[in-house]
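Under mature numbering (1 follows the signal peptide of the UniProt record, and there is no 0), the residues of the sequence shown are numbered -24 to -1, 1 to 119, in order.
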Amino acid sequence: MTGKWLSAAFAALLLGTSAAPSQAFTPTPSRIEAESNVTDVQYRPRGYYRYGDRYYYNGYRGYRYYRPGYRYHDGWWYPGGAFGTGVIIGGPIVRPPIARPPVARYGNRHVEWCYARYRSYRAYDNTYQPYGGPRRQCYSPYS
């Protein structure tokens, strides 16, 4: 008798679970957390600040009215040094020009030979791209 009762209980359990759909609720997808390569840095405010009733920009005092040689910013006049113009303008003036090596000029036959030999040939720098490694110079019988 215990076997019939156990079989009936098991059948009732199977009937109850099979009546519900296999997916009675929608499972929530697992949250994927991607690692960020962003590095947090300390915030540094711009060079504009106020001390008492005076205004400063990058350490230079600002004035309410126009002054010769000063630049207008945020409603105040500041000296040009506050904006770094001396560094920007003075650099190219003081620095001597860069001596560049002479450019090699090749004839039309050389360029045609290199174009016929290499598909990746560039005439303006006389190089081609091999299958393995960096770009290489093209040397022809006409160079």
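Glycine included, C-beta positions come from ideal geometry on N, C-alpha and C.
Source: prediction; values computed, not measured.
In three-state DSSP terms, what is residue -23?
Looking at residue -23 - three-state DSSP - the assignment turns out to be helix.
Under the three-state reduction of DSSP, which class applies to residue 7: helix, strand or coil?
Coil.
For residue 102, does the count of other Cβ atoms within 10 angstroms reach 16, so buried, or fall short, so exposed?
Here residue 102 is buried. Its C-beta has 16 or more other C-beta atoms within 10 Å.
Suppose contacts are defined by Cβ-Cβ distances below 8 Å. Is residue 87 in contact with residue 75 by that definition?
No, they are not a contact pair.
So residue 153 packs on residue 97, CB below 8 Å; how close in whole Å?
As displayed, the chain neither begins before -24 nor continues past 119, which places residue 153 out of reach and without an answer.
Backbone secondary structure at residue 98 - three-state DSSP:
In the displayed model, residue 98 falls within a strand according to three-state DSSP.
Residues bridged to residue 113 [DSSP beta-bridge criterion]
Bridge partners of residue 113: 103.
Distance, residue 12 Cα to residue 90 Cα
Distance from the CA of residue 90 to the CA of residue 12, rounded to the nearest whole angstrom, comes to 47 Å.
Check the C-beta distance from residue 85 over to residue 115 and give it rounded, since I have them as a contact under 8 Å.
That belief does not hold up - the Cβ atoms of residue 85 and residue 115 are roughly 13 Å apart, past 8 Å.
At what residues does the alpha helix (DSSP H) containing residue 91 begin and finish?
Here the alpha helix (DSSP H) through residue 91 covers 84 to 93.
Please determine, among -12, 3, 113, the residue with the shortest C-alpha to C-alpha distance to residue 94.
Of the listed residues, the one whose Cα sits closest to residue 94 is 113.
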